[in-house]
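Numbering (my numbering), first residue to last: 1 to 183. Where is the CB? At the ideal position from N, CA and C, for every residue including glycine. Source: prediction; values computed, not measured. Structure, as structure tokens:
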Amino acid sequence: MRIVYCIPATSNSGGMERVLTRKVNYLVGQGHELIIITTDQKGAKPFFSLEGSVKQYDLGINYDENNGQGILAKLSAYPKKKRLHRQRLSELLGQLRADIVVSMFGEDATLLPQMKDGSRKVLEYHFSKLKRLQYGRTGLWRLVDILRTKLDERTVRPYDSFVVLTEEDAGYWGALPNIRVIP
């Protein structure tokens with residue numbers, strides 16, 4: 001089986017990257033073909049070791065270039081990056097012809113359900129639904145956090161499966177027919 005994972009980068013030392021690496025290496029050992037697609041890798045090596053047969057592609061979108069900038073700068077750069085992301089991801093998935101494509105809830109999360117590449121689409125969320133609201137930001141950024149949390153609710157619906165980490169978090173999302181909890 002050919003399985004693709006989409007994540008912003010594998011060069012970070014976070015828990016999501018560690019879990020992904022362990023799953024990918026395990027699945028390779030079970031005889032599956034694994035591919036990782038990133039948007040912000042920038043030529044860096046993965047922080048955690050990947051089996052040699054794992055293929056990696058970076059789309060070169062670099063969403064994180066705008067981190068630390070004001071909201072207007074982010075809003076002006078975002079649409080161009082999103083269009084480029086859609087174009088490059090669609091082209092690559094068309095070439096790869098995966099059986100399953102898994103989003104780690106990066107910027108690709110809103111794009112994948114629209115991709116007509118024949119694969120099943122899975123969305124994994126390794127955080128609480130309320131993570132943005134827990135930032136405690138104020139003013140305009142607070143409104144952005146509330147809006148993005150609401151948009152997340154729409155993002156998860158078209159996926160074949162939506163995977164969360166705990167039963168508690170599944171409860172925050174409500175009675176979604178596609179929700180699954182990692183055992």
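Residue interval of the beta strand (DSSP E) (run including residue 124): 120-125
Between the region 128-143 and the region 111-120, are three or more C-beta pairs nearer than 8 Å? no
Could you tell me whether the region 146-155 touches the region 25-38, using the rule of 3 or more Cβ pairs below 8 Å? no
Residue 83 to residue 161 span [Cα, whole Å]: 25 Å
What does the alpha-carbon distance come out to for the pair residue 5 and residue 92? 13 Å
Expected contact under 8 Å - CB spacing of residue 3 and residue 106 to nearest Å: Contact flag wrong, Cβ pair sits at about 17 Å.
What is the DSSP secondary structure of residue 134, reduced to helix, strand or coil? helix
Within the same chain, show all residues whose beta-carbon is closer than 6 Å to that of residue 27, passing over the 5 residues directly before and after it, in chain order. 34
DSSP-derived helix/strand/coil call for residue 75: helix
Backbone CA spacing between residue 178 and residue 108 [nearest angstrom]: 18 Å
Taking the straight line between their C-alpha atoms, what separation do you get for residue 43 and residue 65? 14 Å
Close beta carbons around residue 57, own chain, < 8 Å, minus the five adjacent residues each side: 35, 36, 37, 38, 92
Would you kindly work out how many angstroms separate the C-alpha atoms of residue 75 and residue 29, rounded to a whole number? 42 Å
Starting from residue 34, follow its DSSP beta bridges and name the residues at the other end. 3
Closest to residue 167 by CA distance: which of 128, 60, 54 is it? 128
Which residue marks the beginning of the beta strand (DSSP E) containing residue 100, and which one marks its end? 100-103
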